[in-house]
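Using UniProt numbering, the first residue of the sequence shown is number 1, and each one after it goes up by one.
Ideal placement from N, C-alpha and C gives every residue a C-beta, glycine not left out.
Quick notes on the structure that follows.
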Amino acid sequence: MADVREREKIAREIEKTSESIRKKHRALRTDRIEEGIALDKHFKPLIEPLRLFVDNPGGRATKVQNRLQTSEGREVLRAHLGPLSQKYVEPILSGAQGKKVSGADHVYGVYLYNDGLMWGNKRFDVDDADNMIIDGVRYAGTPGLYELIFKRIPEGLLYTEEDMHKYKNMLLATNAHQHKHHSQGRLLSNRGYKYKHVIEPLMSITPKKQKKSGKGLLRAMTLNDNAIDYVHWDDPNELVDRLRLLDASHRSRNNAHDNEMLSIIEELREAGLIIN
1 MADVREREKI AREIEKTSES IRKKHRALRT DRIEEGIALD KHFKPLIEPL RLFVDNPGGR
61 ATKVQNRLQT SEGREVLRAH LGPLSQKYVE PILSGAQGKK VSGADHVYGV YLYNDGLMWG
121 NKRFDVDDAD NMIIDGVRYA GTPGLYELIF KRIPEGLLYT EEDMHKYKNM LLATNAHQHK
181 HHSQGRLLSN RGYKYKHVIE PLMSITPKKQ KKSGKGLLRA MTLNDNAIDY VHWDDPNELV
241 DRLRLLDASH RSRNNAHDNE MLSIIEELRE AGLIIN
C-alpha cells in the first residue's frame, strides 16, 4: 500500500509540474505575439516598403519606385539613410520608371533590380552611417568613394588615392567593370570619361596605340647614344617654348638634346597638336 501511495504522490507532482510548464509556455507565447504586434506597429513604416519586394516578384522594383514617389515613402527612406546615401542612393531608388538619373553612372554603377539594389553581380546596401554593405562585407563610405561608384564623371577633387584603391577592390569583388558582370567577362571598355580616366588606369590596361602618320624625322636629326630625356608637362605652351630653345641650340650645332627634341615632338603629336 505504501508503494501505491508513493506512486500516486509522484504522479500528482508530475501533473502539477506539467501544468505549470504549460502555463508558462502559454504566457511566453502570448507575450511573444503581443511583442510581435508592437514591433510590427512600431516598424511598419520601415517594413512596409520592404514587403513590396516579396508581394509580387514580377514588379518589385516598379512598386518600390512608385512608393518612393510619395512624400511619405521618401520620408521613410530618408529617415534610414545617411547624408551621402541621401545624395547618391535616393535618386537611384526614387528615379522615375524608364528614366535615367542625370549624371549617374549607368554602365559601371549601382542599379535597381528585382531584389533591390545591385552593383555588378552583388547585392548593394547602405546603412544610416553611410557605410556600404556589398555581399555582406561592410565598407566605410567616404564622399570620394560614393562619387567614384555613383557618378558618370566623378569629381576629381572629392576622391583620394585611398578611395581609388578601395574602389578597385570593390570593382574586382562585384565584376561591375566586366561584360555581363562575369569574372571571366571582357572589360567593359568605351570612350567615356570614367573608363579613360578611372577604370582603365586602375586596371592597368595598356591603351591601343593610335596609327601614326607623318613625314619622318627632320633630315638634320639623328638618334644618338645620349640618355633619353623624359618630358613631363601640363601646358603645351611650355613644350613649344622648350622645343624652340632646343632648336636654337641645335642650329648652333649642339646635338646633345636631339633625343629630348624627338620626345617633345612625339608628345605634341600624340596630343593632336602636330598633324604630320
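Ranked by Cα distance from M164, the options E147, H179, T174, N175 are led by E147. Contact check for V126 and S85: beta-carbon distance about 4 Å, within the 8 Å limit, so the pair qualifies. Distance between I149 and I264, taken at the CA atoms: about 36 Å. Where I153 is concerned, there is no enclosing beta strand (DSSP E), because DSSP gives it neither an H nor an E.
With fewer than 16 other Cβ atoms from the protein chains shown falling within 10 Å of its own Cβ, K180 counts as exposed. Here D128 is not near L93, since their CB atoms are 8 Å or more apart. Taking C-beta atoms as the reference points, N175 and G116 fail to come closer than 8 Å. When rounded, the separation of the alpha-carbon atoms in R269 and P201 is 22 Å.
Taking all protein chains shown into account, H182 has fewer than 16 neighbouring C-beta atoms within 10 Å of its C-beta and is therefore exposed. Only exposed fits D135, as fewer than 16 other CB atoms lie within 10 angstroms of its CB.
Scanning S102, K194, F124 for the CA closest to the CA of Y111 turns up F124. Shown here, L246 sits in a helix according to DSSP, grouped into three states. Residue pairing by DSSP places I133 opposite D125, R138 in a beta bridge. Counting the other Cβ atoms within 10 Å of the Cβ of H106 gives fewer than 16, which makes it exposed. The C-alpha of N255 is placed about 45 Å away from the C-alpha of Y159. Judged by their CB atoms, L188 and H197 are not nearer to each other than the 8 Å cut-off.
Here DSSP, grouped into helix, strand and coil, assigns M164 to helix. Taking the CA atoms as reference points, G109 sits about 7 Å from K151.
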